[in-house]
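Each remark here refers to the structure printed beneath this line.
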Amino acid sequence: MSNDDISIETTRHIAYLARLALDESEVREYAGQLSAILEHAEDIASLDLDGVAPMRHTLSVVNIMRDDEVRPSLDREEVLASAPDAQASMFLVPKIVGEE
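First residue of the sequence shown: 39, per the numbering used here; consecutive thereafter.
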């Protein structure tokens, strides 16, 4: 353990804030893992990144756009016929908001 390791008390406090119920073996295990994570963060923070452009995504992402054009879609009655419950050209779903 180095001087910068996360203490058991700090780990318990973090678990409390995260609403995690940890036993003593888990507290010790997570203290070590948190210390290792912070050590990696310190390694990254010490890198010379002058001239390195920030990344927005790890992969080259391109938004492929298509023309917005009217195309045939599914028949409303056919789709509603396969629904578990439908009424007045609408899907009926169980109420979940406001239930007691």
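We treat Cβ as the ideally placed atom computed from N, Cα and C, and that holds for glycine.
On a predicted model such as this, the values are computed, not experimentally measured, just so you know.
Limits of the alpha helix (DSSP H) - the one that residue i falls within
i	result
VAL65	62-83
GLU47	46-55
GLU115	114-119
Close beta carbons around residue i, own chain, < 6 Å, minus the five adjacent residues each side
i	result
MET39	Only weak support is given to the placement of MET39: the predicted model assigns it a pLDDT of 46, under 50, and the value that follows is read from those uncertain coordinates. Taken in chain order, the list of residues that qualify is empty.
Contact under 9 Å by Cβ, residue i with residue j
i	j	result
ALA119	LEU130	no
ILE102	LEU72	no
THR48	ALA69	yes
Whole-number beta carbon distance between residue j and residue i, since they are thought to touch under 8 Å
i	j	result
ILE44	ARG66	Incorrect: roughly 11 Å between the Cβ atoms, too far for contact.
Sequence-distant residues of its chain with Cβ nearer than 7 Å to residue i (five each side left out)
i	result
SER127	ARG114 and LEU118
Test: residue i CB closer than 9 Å to a CB of chain D
i	result
LEU55	Looking for chain D here will not work: only one protein chain is present.
Neighbourhood of residue i by C-beta, 8 Å cutoff - its chain only, sequence neighbours within 5 removed
i	result
PRO132	none
Three or more C-beta pairs below 8 Å linking the region 50-64 and the region 73-85 = no
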